[in-house]
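Numbering (my numbering), first residue to last: 1 to 135.
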């Protein structure tokens with residue numbers, strides 16, 4: 001929430017641009033969040049109306065610092081941290097932009113504690129567009 005408010009105050013976040021293309025807006029927001037945070041940088045990309053966030057072989061893992069603090073196994077920390085992170089991002093964006101709905105889910109995970117991979121998906125739905133037409 002703080003990041004979004006700061007960007008708006010600094011005129012670095014265009015609300016109308018986000019509304020006109022929420023899929024790219026979510027991708028840019030996620031990318032910017034990790035760039036501002038520093039440290040590990042997951043890959044982000046768009047396929048259709050879905051934004052993907054991916055870490056490979058722990059190089060970009062989001063939980064490395066959290067694991068050091070929690071002193072727990074990667075699988076436990078990863079599951080809790082990623083769910084909390086995703087729910088928080090989705091809640092903030094849906095509060096600011098009630099015209100969109102974001103479904104998030106884990107696409108794949110390999111959690112062996114040494115070389116873990118993870119891919120999260122954020123599917124953006126907007127009532128102004130038909131992303132999944134029924135046939």
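We put the beta carbon where it would ideally sit given N, CA and C, even for glycine.
- Residue nearest to residue 118 within the set 69, 126, 55 and 98 is 55 (criterion: CA-CA distance).
- Around the beta carbon of residue 25, 16 or more other beta carbons lie within 10 angstroms, which makes this residue buried.
- For residue 54, the enclosing beta strand (DSSP E) starts and ends at 50-55.
- Exposed is the label assigned to residue 98, since fewer than 16 other Cβ atoms lie within 10 Å of its Cβ.
- Non-local beta-carbon contacts of residue 44 in its own chain, meaning distances under 6 Å to residues more than five positions away in sequence, involve 27, 30, 31 and 53 in chain order.
- In the DSSP assignment, the residues bridged to residue 121 are 52 and 105.
- As the crow flies, the alpha-carbon of residue 109 is around 29 Å from that of residue 2.
- Counting only the Cα atoms, residue 50 lies some 13 Å from residue 100.
- Classified as exposed, residue 107 has fewer than 16 neighbouring CB atoms from the shown chains inside 10 Å of its CB.
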